[in-house]
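**Q** Counting the sequence shown from 1 gives a position; the numbering used here is that position plus 784.
Idealized CB from N, CA, C, for every residue including glycine.
Okay, here's the structure, questions in a sec.
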Amino acid sequence: MPDFIYADNPIAIHYAIPAFLFLLLVEIGVAVYDQKDWYETKDTLSSLSMGIGNAIIRLFTKVLTVGVYFWLYQFRLFDLGAAWWVWVLCFFAEDFMYYVFHRTSHSVRYFWASHVVHHSSQKYNLATALRQTWTGTISGAFIFAAVLPLIGFHPIMVAIFGSVSLIYQFWIHTEAIDKMWRPIEWFFNTPSHHRVHHASDVKYLDRNHGGVLIIWDRLFGTFQEEEERPIYGLTTNINTFNPLIIATHEWSAMIRDVWRAPDWRSRFGYLFGPPGWSHDGSRKTSEQLRAELRQQISEKRAQQTALPEVNAVQ
Ligand SMILES: [Zn+2]
Ligand SMILES: [Zn+2]
């Protein structure tokens, strides 16, 4: 591996910050000029605070996670080296593991407690992209990509594609770009696909988990096309701009639930069940909400098809 990669990588994401801020200002300018409702001052400030906190934490944790990857690399199954095709393979492998990580972050409350931060804004703009968790690494989110050095991908290569994925995902947090050229929409994660991911509308919930590529969602049945304009945020919004509360609210809610749970099965459910799971059915998961919506739609259809017969009898 060339030396510059060692020197450059662990905090590669920090080098992108000036470009992030420049594009953010451009988008704010367009929003003001075109009188769009994309931004709200307090929301933007809290997104930026989450981003700054995340960047500071990353200074320490990225070195730690790359250290873990190096440690695991000694147990690698294959000596893949660094040929061009290994880079290509690593890109796809890293992006796939990102999909697995991100989908799990939406289906297991323990991981959702960190990831919910990114979904807590009711606005969708380039500042939302920077609204990142403070607790991801400490909760062990890096174990998903840890499989890659075990296979035999060099830890630095893995870290580089991790940064590429994060940097790529910045520009897709915008309402300024409509649907793009069809082959791009088919293959890549785009603003349109990711708007769906940030929506609280039932049919859009837990869809489009891809990082750079959207093909994983198409392959594994979690893809949803953007139809009407999404309503952004959570099914139950947290209504706070306080960064500390944004960073920790789901952790405290989860601990409270585990504490009050009547038995071990419920405790397990509150930790590792899907977000919205409850031992007494008092809350709803995305799947339950989706099932309800399907039921409502089929009842409506049944009523509509029944109507002409009623009229005919009359
Ligand atoms: Zn997400
Ligand atoms: Zn996002």
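Leaving out five residues on either side along the sequence, give the residues of the same chain with a beta carbon under 6 Å from the beta carbon of isoleucine 841.
**A** Trp918
**Q** By the 10 Å Cβ neighbour count, where 16 or more other Cβ atoms means buried, how is phenylalanine 945 classified, buried or exposed?
**A** buried
**Q** Can you pull the DSSP bridge partners for tyrosine 1016?
**A** DSSP output for tyrosine 1016 lists Ala983 as bridge partner(s).
**Q** Any chance the CB of histidine 938 is under 7 Å from a heavy atom of ligand 2?
**A** No - ligand 2 has no heavy atom lying nearer than 7 Å to the Cβ of histidine 938.
**Q** Should the stretch 979-988 be called in touch with the stretch 869-885, which here means at least 3 C-beta pairs below 8 Å?
**A** Judged by Cβ distances under 8 Å, the stretch 979-988 makes no contact with the stretch 869-885, as fewer than three pairs qualify.
**Q** Mapping the DSSP letters down to three states, classify leucine 997 as helix, strand or coil.
**A** Strand, per DSSP.
**Q** Just to confirm my understanding: we take tyrosine 988, look at its own chain, exclude 5 residues before and 5 after, and list those with CB closer than 7 Å. What are they?
**A** Val980, Gln1008, Pro1014
**Q** Measure the alpha-carbon distance for leucine 1028 versus aspartate 1041 and round it to whole angstroms.
**A** When rounded, the distance between both Cα atoms is 20 Å.
**Q** Would you mind listing the beta strand (DSSP E) stretches within the stretch 844-875 that are 3+ residues and don't spill past its ends, in chain order?
**A** none
**Q** Return helix, strand or coil for phenylalanine 1052, following the three-state DSSP convention.
**A** helix
**Q** Between isoleucine 927 and serine 898, what straight-line distance do the alpha-carbon atoms span, to the nearest angstrom?
**A** 14 Å
**Q** Taking all protein chains shown into account, decide if leucine 808 is buried (16 or more other Cβ within 10 angstroms of its Cβ) or exposed.
**A** Flag for leucine 808 reads buried.
**Q** What three-state label does DSSP hand phenylalanine 972 in the structure shown?
**A** strand
**Q** Spatial neighbours of valine 931 within its chain, please: C-beta separation below 7 Å, excluding the five flanking residues on both sides.
**A** Met881
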